[in-house]
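S.K.: There's a structure below that I have some questions on.
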Amino acid sequence: MTNSTESEGTVERNIFLSTLDKLSNWATAKSLWPLSCGLSCCAIEMMHAAGSRIDLDRFGCLFRTSPKQADLMIIAGTVTKKMLPQILTLYEQMLFPKYVVAMGSCAISGGLYAESDAVVTNITDFLPIASNVYGCPPAPEELAKAIIELQESIVKKQ
Ligand code: SF4
Numbered sequence: 531m532t533n534s535t536e537s538e539g540t541v542e543r544n545i546f547l548s549t550l551d552k553l554s555n556w557a558t559a560k561s562l563w564p565l566s567c568g569l570s571c572c573a574i575e576m577m578h579a580a581g582s583r584i585d586l587d588r589f590g591c592l593f594r595t596s597p598k599q600a601d602l603m604i605i606a607g608t609v610t611k612k613m614l615p616q617i618l619t620l621y622e623q624m625l626f627p628k629y630v631v632a633m634g635s636c637a638i639s640g641g642l643y644a645e646s647d648a649v650v651t652n653i654t655d656f657l658p659i660a661s662n663v664y665g666c667p668p669a670p671e672e673l674a675k676a677i678i679e680l681q682e683s684i685v686k687k688q
């Protein structure tokens with residue numbers, strides 16, 4: 531039999547007060563679903579991050595093949611001017627709220643191909659980039675770190 535002090539302690543340990551916004555931000559952050567979409571060699575590193583060693587699934591990141599089920603776009607690789615309209619269409623079709631991570635120096639600034647007329651070097655003019663993953667090739671661990679930091683920033687959103 532428990533006395534009233536023990537009961538109050540149990541209640542305090544098991545009841546959390548929050549707002550719906552905070553709950554919604556927490557749920558969004560813990561279920562970021564990236565679109566399965568790769569543009570060039572950075573996509574191999576993105577696949578590596580989804581594999582068993584880094585295992586993005588354990589952070590709630592489950593890759594989806596449909597933009598209508600995804601809320602995270604990882605720009606993994608070189609963005610050509612020919613491909614840009616398709617990327618923007620996919621972004622438009624994604625769930626709201628949605629986030630974009632630019633992965634690799636090609637996605638961020640054109641990288642090796644920055645001098646080419648065929649390559650987009652200013653992706654921030656077209657998409658709201660929430661986070662950059664630097665490097666060529668960028669380490670899959672860095673992608674996981676960027677996603678975790680994005681999750682933390684979503685949780686802290688007011
Ligand atoms: S940043 Fe490097 S690894 Fe990534 S797409 Fe460009 S050339 Fe390939």
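Here my numbering is used: the first residue of the sequence shown is 531, the next is one more, and so on. Backbone N, C-alpha and C fix where the C-beta goes; we use that ideal spot for every residue, glycine too.
Please classify V630: is it buried, with 16 or more other beta-carbons within 10 angstroms of its beta-carbon, or exposed?
M.R.: buried
S.K.: Just to confirm, is the Cβ distance from T558 to I677 under 9 angstroms?
M.R.: no
S.K.: Are the segment 645–652 and the segment 607–625 touching, with three or more C-beta to C-beta distances below 8 angstroms?
M.R.: yes
S.K.: Could you tell me the distance, in whole angstroms, from the CA atom of A538 to the CA atom of S548?
M.R.: A small correction: the amino acid at residue 538 is Glu; Ala does not occupy that position in the sequence shown. E538 and S548: Cα-Cα distance of roughly 19 angstroms.
S.K.: Please classify Q681: is it buried, with 16 or more other beta-carbons within 10 angstroms of its beta-carbon, or exposed?
M.R.: buried
S.K.: Runs of 3 residues minimum, wholly inside the segment 580–668: which ones carry the beta strand (DSSP E) assignment?
M.R.: Scanning the segment 580–668 for uninterrupted beta strand (DSSP E) segments of 3 residues or longer gives 602–606, 629–633 and 659–663, listed from N- to C-terminal end.
S.K.: Compute the Euclidean distance between the alpha carbons of Y643 and L614, then round it to the nearest angstrom.
M.R.: 15 angstroms
S.K.: Would the beta-carbon of L565 fall within 9 angstroms of that of L618?
M.R.: no
S.K.: Using a Cβ-based criterion (distance less than 8 angstroms to any ligand heavy atom), does M624 qualify as near the ligand SF4?
M.R.: no
S.K.: Given this structure, state the Cα-to-Cα distance separating A600 from C591, to the nearest angstrom.
M.R.: Cα to Cα, A600 sits roughly 10 angstroms from C591.
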